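The block underneath contains the structure these notes are about, expressed in structure tokens.
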Amino acid sequence: MPRARDAKLLCCTWRHEQEAFRRGWQYVAGCDEAGRGAWLGPLYAAAVILAPSTSIHGLDDSKKLSAGRREELDTEIRRKAVSFCVVAVSTEEVDALNVYEASRQAMLRALGGLSPAPDYALTDAMPLRQGSIPHRPLIHGDARSVSIAAASILAKVARDAHLTELDRVYPHYRLAQNKGYGTAGHLDALRRNGPCPEHRRSFRPVQQWLLPLFPAV
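Residue numbering for the sequence shown is 61 to 277, as defined by the working numbering.
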């Protein structure tokens, strides 16, 4: 199992997809999420089925790629994939479910939106619910599997675009730059302005700024 410090040394290949094809699976989907650790905004997930003959140069963990390169690959993935699906889980649902379960639900919904339906899935470290599609969670899967990497790119590009739109509504938080994550600038904006409706109330950094607004009775 790859360790965290080895993640940058991993190679994104077809190895895990090819193993699934050899076992008889026909439609192998990769699945990943974006925004799990953010303080603000929806959580996104994507699922992608790539044909064994698909050639997309440069697929990798979306976090390793520049924004411009992600957008280029996003266009190419959408054009060449057998099927893809991108879904969003709202801030309210993330708070209601907890972020781990929201990530699982987002992946299941993305896989459920594929046509043709996948018969096997590779996920980025996320075990799906019992009785769901046969699947394999891969630690650092977005850096090891081309289909998971493709899903990570679609989810990241879609979420970043949405956060850029939210930046126009809530300019104080500089969401176009931090994409809702807990940067020093985001923390400073919380101190000065308090949380907005898109902040995740279940996240501790946001909760501490809600307490003065809603003191215990």
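The beta-carbon is built from N, C-alpha and C at its ideal position, and this holds for glycine as well.
Source: prediction; values computed, not measured.
Beta-carbon spacing of residue i, residue j below 8 Å
i	j	result
G201	A181	no
G95	G240	yes
A210	L70	no
V147	A111	no
G101	L226	yes
V266	W99	yes
P187	P197	yes
C145	L174	yes
Through-space distance from residue j to residue i, alpha-carbon basis
i	j	result
V88	I109	6 Å
R130	V217	7 Å
I213	R234	22 Å
G90	E79	14 Å
L273	A162	Unreliable placement is indicated for L273, whose pLDDT of 45 sits below 50; the coordinate value is still reported in the next sentence. The straight-line gap from Cα to Cα measures roughly 27 Å.
H76	H259	37 Å
S113	P178	17 Å
L133	S126	11 Å
A215	R83	28 Å
G172	T183	14 Å
W269	A236	22 Å
D248	S143	42 Å
F81	S192	19 Å
Nearest candidate by alpha-carbon position, reference residue i, set the options
i	options	result
H195	R138, S262, A211 and W85	W85
D121	I199, R139 and Q237	I199
E153	V266, R139 and R261	R261
H117	W74, A80, G245 and R189	W74
M167	E93, R204, L223 and R252	E93
P231	H246, R219, G173 and D220	H246
R150	R219, C91 and R204	At residue 150 the sequence reads Ser, which differs from the Arg that was named. Ranking R219, C91 and R204 by Cα distance to S150 puts R219 first.
A106	A236, Q190 and A141	A141
Y321	R139, D179 and R189	Outside the modelled stretch of the chain, which goes from 61 to 277, sits residue 321, for which no answer is possible.
R139	T183, S115, D155 and N253	S115
C72	E132, K123, V206 and T183	V206
K124	S143, S192, R204 and D155	R204
I137	I208, R251 and T183	I208
Cβ-heavy atom distance, residue i to the ligand MG, below 7 Å
i	result
R82	Within the structure as shown, the ligand MG is missing, as the structure has no ligands at all.
Buried versus exposed call for residue i [16 or more other C-beta atoms within 10 Å across all chains shown]
i	result
R164	buried
P255	buried
N158	exposed
R264	exposed
T224	exposed
T135	exposed
A221	exposed
A156	exposed
A244	exposed
N253	exposed
P257	exposed
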